[in-house]
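Participant: Residue numbers (the numbering used here): 707 to 1337.
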């Protein structure tokens, strides 16, 4: 039997939606004010695997919201600006999508004549949450997961002229236990407006039948080489190889040929080390080339997965032009743990040197676009502001950004702790008082989906050198099987560190002991002989500034709230003075200040939600932070 209160709540929301007009956000950033259907996200969306030809599908589509029990509508409700979610002001819709409803998208497109004879891939940067795709009336496929990119080969569904794309989306938001981050049907406090439907770039790309589908790059600084894994669309024979070349500018500094289906080891002599102070990036060219079989005519078994096979293919004769060429980039850097300034307390190392990691909690919400940043320029502004303010790291909190965001962190030199977006229902939450071994019961389906999406996130972000830490759980929000999850994540990616549980319920797992402390003077984490100690959240100094508030008629909050810049700076100095003391006397390795910007009803940002007011001058922030890096 259904809960009558829940039914009443959903009916009330339905009534509100029926009456709703297109929303305008109470405030907008300057970049959001500049968004138009013609300029919405024009940049190439996948910097780590680039091809020359592509077609952007962002812009005005048609949309409709219907009960999910109904079929595809014949008439649509109006225009929607992709890639902004249906709830956002920038979408030009501004309506909620209820768990009982389905969101329909429709648009037409045509292909350039030059694409004839190629396979055509349709890419979605992210769709929240479950979707199915039809092209010209044919069901192409489905996808479940709100934060990861996915693609369909739509070649066999295409016509020679105009083609029609239809996408259907459902999203349970907080009625489900799927990974969703901070979305809540009734936003309040630290929980924000839901995001449903398309919220990252949609685009088309022509590719040859034998094309690169995945590229995995892992720097090995100690051996001056890059470990390269390339996945092709189809099985290959002994005459297909990969030629991979590293370039410093236009100068080739290393190259290797290896058989397809194998791992390549690309030498990078005298590597330039990537760091926040010197974020040097190498260009990478990957070519699928035909080669003469180096073992043709040989009697006896062929060497497979051996040094002999690797050496033979490295000398193989290339017999023709590349079948496929993509470009990427990489950096030579190493993140690890080792002895620090306090005896017996391990510390964070970058390229084998101790480096205090100072960053904000960065949630990435925007007043007009919600989870979708308004533009490349807007993202660059924030990262540049943080760098100038003396931060060398940010904790990307309970959100996965578009790939271009991490590209800018790579090239500007910003370390990233990447959170997995949490997902749970109320009864699956742990709190501070639960025993350290507590484990909420979750359905097999929800566990499988969480781990599937975690693995997808790690896979598609693997190549970004800026990402140095995976944060699996936050504050007991759906936290489960913590030791197993920490070991599993470490097994999937041994090139980075693992923060198993940021704050609250530590279960002696992973590389970090992480506390959250919002007291006026931060608490000190207990020493650990086998893990680094960090303050994964602190600060929360609130200052509501009239004219820049999301909810001007309601109470806006911070963990401590002040009404003047003088008071804010004084409180900030007090908190960071304690952090400097912790770094030098206790061996604390990192600090995460809450937070980069105000978010909806939260006013504890260094910037207002519209990014118009810098609450503490950049020069003052940098001066306060400087002692953290002085030994």
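We put the beta carbon where it would ideally sit given N, CA and C, even for glycine.
To the nearest angstrom, how far is it from the Cα of residue 824 to the Cα of residue 957?
Facilitator: When rounded, the distance between both Cα atoms is 31 Å.
Participant: Taking the alpha-carbon positions, what's the residue 819 to residue 832 distance?
Facilitator: Distance between the alpha carbons of residue 819 and residue 832: 28 Å.
Participant: In its own chain, which residues sit with a C-beta less than 6 Å from the C-beta of residue 759, not counting the 5 before and 5 after it?
Facilitator: Counting only Cβ-Cβ distances below 6 Å, and skipping sequence neighbours, we find 912.
Participant: Go ahead and pull the three-state DSSP assignment for residue 1189.
Facilitator: It is helical.
Participant: First and last residue of the beta strand (DSSP E) that includes residue 1099?
Facilitator: Where residue 1099 is concerned, the enclosing beta strand (DSSP E) stretches over 1099-1102.
Participant: Beta-carbon separation of residue 814 and residue 870 under 7 Å?
Facilitator: Yes, the pair counts as a contact, with Cβ atoms nearer than the cut-off.
Participant: Who pairs with residue 911 in a beta bridge, going by DSSP?
Facilitator: Note: residue 911 sits in a beta bridge opposite 827.
Participant: Quick check on residue 1288: does DSSP put it in helix, strand or coil?
Facilitator: It is helical.
Participant: Taking the straight line between their C-alpha atoms, what separation do you get for residue 1068 and residue 1097?
Facilitator: Those two C-alpha atoms are separated by around 12 Å.
Participant: Give the DSSP bridge partners of residue 903, in chain order.
Facilitator: In DSSP, residue 903 forms a bridge with 834.
Participant: Pairs of beta-carbons, one from the region 766-775 and one from the region 805-812, closer than 8 Å: are there three or more?
Facilitator: Result yes; three or more Cβ-Cβ pairs closer than 8 Å.
Participant: Alpha carbon to alpha carbon, how far is residue 1094 from residue 1279?
Facilitator: Residue 1094 and residue 1279: Cα-Cα distance of roughly 18 Å.
Participant: Between the alpha carbons of residue 863 and residue 842, how many angstroms are there, rounded?
Facilitator: Cα-Cα distance, rounded: 7 Å.
Participant: Can you give me the C-alpha to C-alpha distance between residue 1199 and residue 867, rounded to a whole angstrom?
Facilitator: One C-alpha to the other measures close to 45 Å.
Participant: Kindly indicate which three-state DSSP category residue 819 falls into: helix, strand or coil?
Facilitator: The answer is helix: DSSP assigns residue 819 an H, G or I state.
Participant: Between residue 752 and the rest of its own chain, which residues show a CB-CB distance below 8 Å, the 5 nearest in sequence each way excluded?
Facilitator: These residues qualify, in order along the chain: 829, 855, 1109.
Participant: Distance, Cα to Cα, residue 1061 vs residue 1087?
Facilitator: If you take the alpha carbons of residue 1061 and residue 1087, they lie about 24 Å apart.
Participant: Can you give me the Cβ contacts of residue 1018 inside the same chain, cut-off strictly under 8 Å, excluding the 5 residues immediately before and after it?
Facilitator: Around residue 1018: 1000, 1001, 1009.
Participant: When DSSP builds the beta bridges, which residues end up paired with residue 849?
Facilitator: Bridge partners of residue 849: 837.
Participant: Which whole-angstrom value is the C-beta distance of residue 1127 and residue 886, which I expect to be below 8 Å?
Facilitator: So it is a contact: roughly 6 Å between Cβ atoms.
Participant: Figure out for me which residue from 786, 1253, 1247, 1256 has the closest Cα to the Cα of residue 1276.
Facilitator: Minimum Cα distance to residue 1276 is reached at 1247.
Participant: Mark residue 739 as exposed unless 16 or more other C-beta atoms lie within 10 angstroms of its C-beta, in which case mark it buried.
Facilitator: Result: exposed.
Participant: Measuring CB atoms only, is the region 1251-1268 touching the region 1302-1312, in the sense that at least three cross pairs come out at less than 8 Å?
Facilitator: Flag = yes, the region 1251-1268 and the region 1302-1312 touch.
Participant: From residue 1271 to residue 1313, what does the alpha carbon distance come to, in whole angstroms?
Facilitator: Spanning the two alpha carbons is a distance of roughly 12 Å.
Participant: Under DSSP, the alpha helix (DSSP H) around residue 1155 begins and ends at which residues?
Facilitator: First-last of the alpha helix (DSSP H) with residue 1155: 1150-1167.
Participant: What are the partner residues of residue 1208, as DSSP defines its beta bridges?
Facilitator: In DSSP, residue 1208 forms a bridge with 1180.
Participant: Only counting runs of 4 or more residues, tell me where the alpha helix (DSSP H) segments fall wholly within the region 916-984, in order along the chain.
Facilitator: You should have found no qualifying run.
Participant: Assuming residue 1116 and residue 1179 form a contact by the criterion Cβ under 8 Å, report the distance between their Cβ atoms to the nearest whole angstrom.
Facilitator: Between residue 1179 and residue 1116 the Cβ distance is about 26 Å, and since that is not below 8 Å, they are no contact.
Participant: State the beta-bridge partners of residue 775 as determined by DSSP.
Facilitator: In the DSSP output, where bridge partners are listed per residue, residue 775 has none listed.
Participant: Taking just the CA atoms, how far does residue 1274 sit from residue 1328?
Facilitator: Using only the alpha carbons, I get a separation of about 15 Å.
Participant: Determine the DSSP secondary structure at residue 1134, reduced to helix, strand or coil.
Facilitator: If DSSP states are grouped into helix, strand and coil, residue 1134 belongs with the helices.
Participant: DSSP has residue 1257 in a bridge; who is on the other side?
Facilitator: DSSP lists no partner for residue 1257.
Participant: Which residues in the same chain as residue 1323 place their Cβ atom closer than 7 Å to its Cβ, once the five residues preceding and following it in sequence are excluded?
Facilitator: So no residue of the chain qualifies.
Participant: Does the Cβ of residue 1227 have 16 or more other Cβ atoms within 10 Å, making it buried, or fewer, making it exposed?
Facilitator: Residue 1227 is exposed by the Cβ-count criterion.
Participant: Within its chain, find whatever has a CB closer than 6 Å to the CB of residue 993; leave out the 5 residues flanking it on each side and keep chain order.
Facilitator: If we look at residue 993 and ignore the five residues flanking it on each side, its Cβ neighbours are 949, 1028, 1031.
Participant: Could you check which residue in 896, 1233, 1150, 821 has the C-alpha nearest to that of residue 865?
Facilitator: If we check each option's Cα against that of residue 865, 821 comes out closest.
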